[in-house]
DNA sequence: AGCAAGGATGTAAACGTTTACAATTTAGGA
DNA sequence: TCCTAAATTGTAAACGTTTACATCCTTGCT
């Protein structure tokens, strides 16, 4: 492995001068620059970032922690994050936790051990105490799923309003029995969406029945079995609001398999790419994924520059996307 | 930022002894270990990996380069890779290139600059010359998409045989006009699948017509517009073999939109999670995604241990998965 | 000629670790 | 009592950079 010392030896200059050439310092003569650069090209020398980082104590890297790649939601988020990072000279590295605590912990150690300059968390399993401890010492920002009581910058949408609008859309189609498929865990994201769902029902004078809420995994299977559970009740709904498109797709799948898709409407949430292509399209709530990613990095950069920068909470706009999976209530 | 020196000062021991405690060296007394560990706990000291890496010149990190996260194909791959890495004490960091050369280059620099110990490439845009240069100096392995003439370890499936079997399945259903939707780029993956497609046709005595092959992006839109192109010919096919499930889904979507889905069969490739849920299910070829990920890391680890370890090429078993999108030819 | 200023380069310390080697202490055996 | 070996700890170099500071050499001015 050829190091800056080798280049120094080969050129006859000192390592300091070589370093200056590498870093485009103005205080080096044209002649010298030319000769050093030539030697660098002829060997295949690449500055060792470990050495550089150690000296400058900056890695120019941002860690983005994702729960899983099952969901294409994060594809756009990551594009936004990548663009924002690149514009600031940073690089995004992704860690996929598969929701395992020990894996998440091992990635977080990258932050503690100075291998990355900051971290964007999405759907973390950390609680507010962990988060406060972490965010007190290191740059951290939170994306999409807020943790109430955690003192850090975050970017999300108004989940209450969005869920309310989604439910209202179903109500406007004449539906009166509307169920909800929500996540298992008590994240603010689930709570907010559930609250929005309830507010819509109550404002429309419909009875809010907690037994109409089924908890499931945020994936196809979860939606499928949740729909099964709902539709085999003695009082099945005519519409189902799912907390994620993946669940909505599973739900529609169940309905189609049982010839119920014409009678029962489904709304999803997120507007992932495939929602447009599934069945006749999944009606859903669009999240500005690219912008969420972008802003999460932007907020993080503020913290990287100054760990004491004030925390900010960004609420980005959402929007209803109506497609084929929601239709007027037949029995209505 | 508290360093090992601070711990040394606080305990009264030397940094060497503290280091030994951290690294669980046996040559340290119980008494000392206890006292040092106590102080470490009371401060929130975390060893700086940059310092450690610099000294030991090993980062215990593996970079996995992915083209995009649009495709859930890589979700399972990454799970396999993560498990294999973890078992060996390594950590996976993911880089998403979005198929941009400068982004890919910026991640590859992590390898050159010793920030990761090795790299798994998937669908790289590097050619065999780039790859040979890289793999000559650094541990690199290739996943899924082989580059002919590149001298490195790789793991894949038998794409020729798999595509042949997929096509044969359509033939066995009575189809005679079978089109193919394939990727744009001349990757071995596309070539192999195209060859398998042709072999199946020729062995069945059907004429191989290159104009029946349409090139498209590996995503929904690509499949959609490819299907449109094919179905608006004067001699539309009764079956379409797509080189990826994402394209197959787009193709089926087009067919449904035009009431053609009962007449025209579609086969995909990959067996991504959502293929089971789309429409009546996408018939496809299963790739052992988890194992591909696992083995790609395994092969890489061999190279990390010894850069001169012999190159290996692993071919993992595939399997046909028949679902609702392929059915007997109506006109037959 | 003498001097100051500025440009180019070198010297060496520093970043946070690990580890070979040296030094010290302790115990046991003759 | 003295010597050896083992156990424990310390010293200092090394990993590859960057950079403050020092040094040297021009150049131009008086």
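Chains as they are written, first to last, in our numbering: chain S, 1 to 332; chain D, 1 to 332. The beta carbon of each residue, even a glycine, is placed where N, CA and C say it ideally should be.
Open item on the list: With distance defined between alpha-carbon atoms, name the residue in 269/S, 277/S and 54/S nearest to residue 190/S.
Closed with: On the first chain, residue 190/S is found 190 positions in, with the first residue counted as 1. The option with the nearest alpha carbon to residue 190/S is 269/S.
TODO: Would you please state the rounded distance, in angstroms, between the beta carbons of residue 288/D and residue 310/D? I believe it to be under 8 angstroms.
DONE: Here residue 288/D corresponds to residue number 288 of the second chain, with the count starting at 1. Here residue 310/D corresponds to residue number 310 of the second chain, with the count starting at 1. That pair is no contact at about 23 angstroms.
TODO: Output, in sequence order along the chain, the residues in the region 281 to 296 of chain S whose CB is closer than 7 angstroms to any CB in chain D.
DONE: none
- [ ] Rounded to whole angstroms, what's the CA-CA distance from residue 114/D to residue 58/D? Just pull it up for me.
- [x] Walking along the second chain from the start, residue 114/D turns up at place 114. Walking along the second chain from the start, residue 58/D turns up at place 58. The alpha-carbon atoms of residue 114/D and residue 58/D are separated by roughly 8 angstroms.
TODO: Output yes if chain D places a C-beta closer than 8 angstroms to the C-beta of residue 78/S; else output no.
DONE: By 1-based counting over the first chain, the position of residue 78/S is 78. Closer than 8 angstroms: yes.
Open item on the list: Just to confirm before moving on: does the CB-CB distance between residue 222/D and residue 247/D stay below 8 angstroms?
Closed with: As a working mapping, residue 222/D is identified with position 222 in the second chain. As a working mapping, residue 247/D is identified with position 247 in the second chain. Their beta carbons are under 8 angstroms apart, which means residue 222/D touches residue 247/D by this criterion.
TODO: State yes or no: is the C-beta of residue 124/D within less than 8 angstroms of the C-beta of residue 63/D?
DONE: For this step, residue 124/D is matched to residue 124 along the second chain. For this step, residue 63/D is matched to residue 63 along the second chain. Not in contact: residue 124/D and residue 63/D (Cβ atoms no closer than 8 angstroms).
Open item on the list: When you compare the CB positions of residue 238/S and residue 264/S, do they come within less than 8 angstroms of one another, or not?
Closed with: Taking the first residue of the first chain as position 1, residue 238/S is located at position 238. Taking the first residue of the first chain as position 1, residue 264/S is located at position 264. Taking 8 angstroms as the Cβ cut-off, residue 238/S and residue 264/S qualify as a contacting pair.
Open item on the list: Looking at chain S, is there any beta carbon in it that lies within less than 8 angstroms of the beta carbon of residue 220/D?
Closed with: Position 220 of the second chain, counting from 1, holds the residue named residue 220/D. Among the CB atoms of chain S, one or more fall inside 8 angstroms of the CB of residue 220/D.
Task: Bridge partners - residue 20/S, DSSP secondary structure assignment - done: As a first step, residue 20/S is located in the first chain; it is residue number 20 there, counting from the start. For residue 20/S, DSSP records no beta bridge to any residue.
Open item on the list: Just to confirm before moving on: does the CB-CB distance between residue 17/D and residue 39/D stay below 8 angstroms?
Closed with: The count along the second chain starts at 1 and reaches residue 17/D at position 17. The count along the second chain starts at 1 and reaches residue 39/D at position 39. Contact flag unset, no.
- [ ] May I ask you to report which of helix, strand or coil DSSP gives residue 43/D?
- [x] Counted from its first residue, the second chain places residue 43/D at position 43. Three-state result, residue 43/D: coil.
- [ ] In the DSSP assignment, find the alpha helix (DSSP H) that holds residue 234/D and state where it starts and stops.
- [x] The count along the second chain starts at 1 and reaches residue 234/D at position 234. No alpha helix (DSSP H) holds residue 234/D; DSSP gives it neither H nor E.
Open item on the list: Quick check on residue 304/S - is its C-beta less than 8 angstroms from some C-beta in chain D?
Closed with: Translated into positions along the first chain, residue 304/S becomes position 304. Answer no: the Cβ-Cβ gap between residue 304/S and chain D never drops below 8 angstroms.
Open item on the list: For a test of the three-state rule: what should DSSP assign to residue 245/D, helix, strand or coil?
Closed with: Position 245 of the second chain holds residue 245/D. Residue 245/D: helix per DSSP, three-state reduction.
Open item on the list: Within a Cβ cutoff of 6 angstroms, which residues of the same chain sit near residue 138/S, ignoring the five residues on either side of it in sequence?
Closed with: As a position in the first chain, residue 138/S is number 138, starting the count at 1. Correct list, in chain order: 111.
- [ ] Could you work out which residues of chain D lie near residue 258/S, taking near to mean beta carbons separated by less than 7 angstroms?
- [x] Translated into the one-based positions of the first chain, residue 258/S becomes position 258. In chain order: nothing, as chain D lies at least about 13 angstroms away.
TODO: Consult DSSP for residue 319/D and reduce its assignment to one of helix, strand or coil.
DONE: Counting from 1 along the second chain, the entry for residue 319/D is found at position 319. Three-state result, residue 319/D: strand.
TODO: Would you check if there are 3 or more beta carbon pairs closer than 8 angstroms linking the region 187 to 202 of chain S to the region 156 to 163 of chain S?
DONE: yes
Open item on the list: Within 8 angstroms of any Cβ in chain S, is that where the Cβ of residue 138/D sits?
Closed with: On the second chain, position 138 is the one that residue 138/D refers to. False, the Cβ-Cβ gap to chain S never drops below 8 angstroms.
Open item on the list: Tell me which residue opens and which closes the beta strand (DSSP E) that residue 142/S is part of.
Closed with: Within the first chain, numbered from 1, the residue matching residue 142/S stands at position 142. That run of the beta strand (DSSP E) goes 140 to 143.
Open item on the list: With H, G and I counted as helix, E and B as strand and the rest as coil, what does DSSP make of residue 80/S?
Closed with: As a position in the first chain, residue 80/S is number 80, starting the count at 1. Three-state result, residue 80/S: helix.
Open item on the list: Tell me the rounded alpha-carbon separation between residue 209/D and residue 133/D.
Closed with: Here the question's residue 209/D lines up with position 209 in the second chain. Here the question's residue 133/D lines up with position 133 in the second chain. If you take the alpha carbons of residue 209/D and residue 133/D, they lie about 38 angstroms apart.
Open item on the list: I believe residue 135/D touches residue 151/D by the beta-carbon criterion, under 8 angstroms. Please report the beta-carbon distance rounded to the nearest angstrom.
Closed with: Here residue 135/D refers to the residue found at position 135 of the second chain. Here residue 151/D refers to the residue found at position 151 of the second chain. The pair is a contact, with the Cβ atoms about 6 angstroms apart (cut-off 8 angstroms).
Open item on the list: Beta-carbon within less than 7 angstroms of residue 33/D's beta-carbon, same chain only, minus the 5 sequence neighbours each way: which residues are those?
Closed with: For this step, residue 33/D is matched to residue 33 along the second chain. Within the same chain, residue 33/D has close Cβ partners 21.
TODO: Could you tell me which chain D residues have their CB closer than 8 angstroms to the CB of residue 46/S, listed as they occur along the chain?
DONE: For the purposes of this step, residue 46/S is taken as residue 46 along the first chain, with counting starting at 1. Residues of chain D passing the Cβ test: 109, 112 and 113.
Task: Closer than 8 angstroms to chain S by CB, residue 90/D - done: To locate residue 90/D, count along the second chain from 1; it is residue 90. By this cut-off, residue 90/D is not an interface position.
Task: Interface flag, residue 275/D vs chain S, CB-CB below 8 angstroms - done: Translated into positions along the second chain, residue 275/D becomes position 275. Residue 275/D does not count as touching chain S.
TODO: Name the two residues that bound the continuous alpha helix (DSSP H) containing residue 106/S.
DONE: For the purposes of this step, residue 106/S is taken as residue 106 along the first chain, with counting starting at 1. Where residue 106/S is concerned, the enclosing alpha helix (DSSP H) stretches over 101 to 112.
- [ ] Look at residue 68/D and residue 274/D and say whether their C-beta atoms are less than 8 angstroms apart.
- [x] Mapped onto the second chain, residue 68/D falls at position 68. Mapped onto the second chain, residue 274/D falls at position 274. For residue 68/D and residue 274/D, no; Cβs fall outside 8 angstroms.
Task: Endpoints, alpha helix (DSSP H) assigned at residue 282/D - done: Residue 282/D sits at position 282 when you count from the first residue of the second chain. Neither: residue 282/D is in no alpha helix (DSSP H) and is coded neither H nor E.
TODO: Would you verify that the beta carbon of residue 266/D is, or is not, closer than 8 angstroms to some beta carbon of chain S?
DONE: Looking up residue 266/D in the second chain gives position 266. No, residue 266/D does not count as interfacial toward chain S.
Open item on the list: Distance check for residue 198/D and residue 204/D, CA to CA, integer angstroms please.
Closed with: Locating residue 204/D in the second chain gives position 204, counting from the first residue. Locating residue 198/D in the second chain gives position 198, counting from the first residue. Residue 204/D and residue 198/D have their C-alpha atoms spaced approximately 10 angstroms apart.
Open item on the list: Going by DSSP in three states, residue 91/S sits in which element: helix, strand or coil?
Closed with: Position 91 of the first chain, counting from 1, holds the residue named residue 91/S. The answer is strand: DSSP assigns residue 91/S an E or B state.
- [ ] If I'm right that residue 166/S touches residue 267/S with Cβ under 8 angstroms, what's the distance once you round it to whole angstroms?
- [x] Position 166 of the first chain holds residue 166/S. Position 267 of the first chain holds residue 267/S. That pair is a contact at about 5 angstroms.
Open item on the list: Is residue 106/D close to chain S? Criterion is C-beta to C-beta, closer than 8 angstroms.
Closed with: For the purposes of this step, residue 106/D is taken as residue 106 along the second chain, with counting starting at 1. True, the Cβ-Cβ gap to chain S drops below 8 angstroms.
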